[in-house]
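If you use full-length UniProt numbering, the sequence shown corresponds to residues 1 to 410, in order. Where a beta carbon is used, it is the ideal one built from N, C-alpha and C, also for glycine. Everything below concerns the one structure shown next.
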Amino acid sequence: MTLPSENPSPKPDCSKCPSLVSSFVDTFVDFVVGRQILGPNPSASAPAASEKTGTTSPIVTRVPAAERLIAVGDIHGDLQKAKEALQIAKVMDENEKWIGGKTVVVQVGDVLDRGSDEIKVFYLLEKLKGEARKQGGDVHIMNGNHEIMNVEGDFRFVDRGGFAEFGEWAKWFKLGNAIKEQCSGLEKPRDFFADIPAHYPENQKARMAALRPGGPISSRFLAAHPTVLVVGQSVFVHGGLLPSHSNHGLEKINEEVRQWILGEKQWYGPDFLHGRDALVWLRKFSNERENQCDCALLEESLNALPGSKRMVVGHTIQESVGINAVCGNKVVRVDVGMSKGCGDYAPEVLEIRDDKELTVLSRSGALKLMDDEQLAAALRKYRGRSGLASLLLAPEPKVKTKLPAKMQTA
Numbered sequence: 001m002t003l004p005s006e007n008p009s010p011k012p013d014c015s016k017c018p019s020l021v022s023s024f025v026d027t028f029v030d031f032v033v034g035r036q037i038l039g040p041n042p043s044a045s046a047p048a049a050s051e052k053t054g055t056t057s058p059i060v061t062r063v064p065a066a067e068r069l070i071a072v073g074d075i076h077g078d079l080q081k082a083k084e085a086l087q088i089a090k091v092m093d094e095n096e097k098w099i100g101g102k103t104v105v106v107q108v109g110d111v112l113d114r115g116s117d118e119i120k121v122f123y124l125l126e127k128l129k130g131e132a133r134k135q136g137g138d139v140h141i142m143n144g145n146h147e148i149m150n151v152e153g154d155f156r157f158v159d160r161g162g163f164a165e166f167g168e169w170a171k172w173f174k175l176g177n178a179i180k181e182q183c184s185g186l187e188k189p190r191d192f193f194a195d196i197p198a199h200y201p202e203n204q205k206a207r208m209a210a211l212r213p214g215g216p217i218s219s220r221f222l223a224a225h226p227t228v229l230v231v232g233q234s235v236f237v238h239g240g241l242l243p244s245h246s247n248h249g250l251e252k253i254n255e256e257v258r259q260w261i262l263g264e265k266q267w268y269g270p271d272f273l274h275g276r277d278a279l280v281w282l283r284k285f286s287n288e289r290e291n292q293c294d295c296a297l298l299e300e301s302l303n304a305l306p307g308s309k310r311m312v313v314g315h316t317i318q319e320s321v322g323i324n325a326v327c328g329n330k331v332v333r334v335d336v337g338m339s340k341g342c343g344d345y346a347p348e349v350l351e352i353r354d355d356k357e358l359t360v361l362s363r364s365g366a367l368k369l370m371d372d373e374q375l376a377a378a379l380r381k382y383r384g385r386s387g388l389a390s391l392l393l394a395p396e397p398k399v400k401t402k403l404p405a406k407m408q409t410a
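Laid out in structure tokens, this is it:
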């Protein structure tokens with residue numbers, strides 16, 4: 001007598017419809033992990049580790065001016081504050097649907113670290129991008145210093161909930177691959193966990209596998225995100241742009257970062273991503289006090305990009321007065337520390353209409369961006385209060401997240 005275990009059923013042949021099977025599995029994993037249904041996953045068919053990964057197209061570095069442009073600061077894994085910021089901007093409704101029409105949104109980086117919903121934020125923004133493009137709008141998500149750190153395995157600022165979210169992602173990702181392996185005719189999925197040290201905690205291994213160069217999350221999201229973006233007369237960059245960066249070439253910067261994140265280069269990113277003068281680390285233009293902002297260098301940097309009138313940056317929390325501008329509005333600082341793990345201040349967004357009219361949108365409504373004198377007066381009078389809304393309302397309490405101890409990484 002032959003037992004069933006001695007004569008197992010052959011695997012179903014999926015060779016005639018491999019993309020359909022893979023797409024179904026990926027869509028299922030997307031919905032469970034990100035609560036969203038996106039388009040094709042560019043990292044779903046990632047080849048073996050010795051081969052180049054990723055299939056994304058070259059990054060668009062320059063786009064025409066938009067009738068309505070919205071800038072959103074650092075999010076740091078706070079899904080609820082991200083939703084509120086998008087609703088304040090009137091580009092997303094309570095059902096998470098795009099209602100912004102032809103509006104263009106730029107999120108200036110630092111979705112990662114300090115929060116517990118990092119993956120869900122990426123999925124939400126990616127979904128809105130698809131909906132916006134159908135209406136003539138767009139959503140651009142940029143790479144900040146915390147994206148760069150995580151791709152390099154630097155997890156010093158990861159929230160415990162952030163590790164847990166990636167641990168949950170890993171369970172569903174592995175299940176998806178296991179389902180694919182049941183079909184003959186499909187290429188064997190790459191094992192992104194194979195060379196990660198076994199003694200690492202499981203959630204840390206999951207995060208490293210997902211975000212490493214060529215990893216599933218880094219290839220799918222971060223590799224397609226610009227590090228510098230020009231929209232009309234506005235230059236967007238997480239930290240700041242120097243003449244040396246412009247001389248290197250903006251398109252070249254984005255392409256070199258893209259190739260590195262896709263795993264086509266070394267483990268660590270290009271030199272222009274490291275050090276105090278790096279695009280994603282620079283603070284020369286973001287100090288709240290104008291006398292500590294290098295306006296001459298800022299003007300030189302803008303002059304190196306003909307047609308550029310202003311720089312829009314994140315990275316440095318503007319905790320005294322919220323979104324503000326100095327140096328004759330040549331630099332606008334939009335990081336208001338909205339995330340619960342990094343300030344928990346009231347969300348604000350910058351609105352630019354017709355490439356020239358600058359307005360701050362907050363819970364209390366719309367306010368024209370303060371000029372240099374108004375900012376200086378506000379800093380003297382209101383320094384230490386929470387956000388631009390505090391000029392009209394009582395300050396909200398600050399909630400700080402205790403950061404985990406520094407972790408050793410490969």
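Under 8 Å: do the region 167–181 and the region 251–260 share three or more Cβ pairs, one atom per stretch?
The answer is no - the region 251–260 does not touch the region 167–181, with fewer than three Cβ pairs under 8 Å.
In angstroms with no decimal places, state the Cα-to-Cα distance between P213 and G153.
Computed Cα separation, rounded: 9 Å.
Please determine, among F166, S244, A278 and G100, the residue with the shortest C-alpha to C-alpha distance to P216.
Selected option, being the one with the closest Cα: F166.
DSSP three-state label for I253, please.
Reduced to three states, the DSSP call for I253 is helix.
Tell me which residues share the same chain as I352 and place their Cβ nearer than 7 Å to its Cβ, disregarding the 5 neighbours each side in the sequence.
The answer, listed in chain order, is L69, S234 and L358.
In whole angstroms, what is the alpha-carbon distance linking E131 and Q292?
Spanning the two alpha carbons is a distance of roughly 41 Å.
Just mark T53 as buried or exposed, buried being the case when its beta carbon has 16 or more other beta carbons within 10 Å.
Note that T53 scores 41 on pLDDT, short of 50, meaning its location in the model is unreliable; the coordinates nonetheless yield the value given after this. Buried.
Going by DSSP, which residues form a beta bridge with R333?
Note: R333 sits in a beta bridge opposite V313 and N324.
Does the Cβ-Cβ distance between G73 and G314 come in under 8 Å?
Yes, the Cβ-Cβ distance between G73 and G314 is below 8 Å.
CA-CA distance, I253 and K83?
In a straight line, the C-alpha of I253 is about 30 Å away from that of K83.
Which one or two residues does DSSP pair with K368 in a beta bridge?
Partner(s): T359.
Roughly how many angstroms separate the alpha carbons of C327 and I317, rounded to a whole number?
Answer to the nearest angstrom: the Cα atoms are 18 Å apart.
Give a yes or no on whether the C-beta atoms belonging to F285 and L298 are separated by under 8 Å.
Yes, the Cβ-Cβ distance between F285 and L298 is below 8 Å.
Which whole-angstrom value is the C-beta distance of I88 and S320, which I expect to be below 8 Å?
Contact doesn't hold; Cβ gap of about 20 Å is too wide.
Going along the chain, which residues of its own chain have a beta-carbon closer than 7 Å to the beta-carbon of L211, five neighbours each way excluded?
Hits under 7 Å: N150, V151, I217 and S218.
Starting from E348, follow its DSSP beta bridges and name the residues at the other end.
DSSP output for E348 lists S362 as bridge partner(s).
Determine the burial state of E94: buried for a count of at least 16 other Cβ atoms within 10 Å of its Cβ, exposed for fewer.
Exposed, by the Cβ-count rule.
With S218 as the anchor, note down where its alpha helix (DSSP H) starts and where it stops.
Its alpha helix (DSSP H) spans residues P216 to R220.
Kindly indicate which three-state DSSP category H146 falls into: helix, strand or coil?
In this structure, H146 counts as helix in the three-state DSSP scheme.
Out of G115, V108 and K127, which has the shortest C-alpha to C-alpha gap to F31?
Residue K127 is the option with its Cα nearest to F31.
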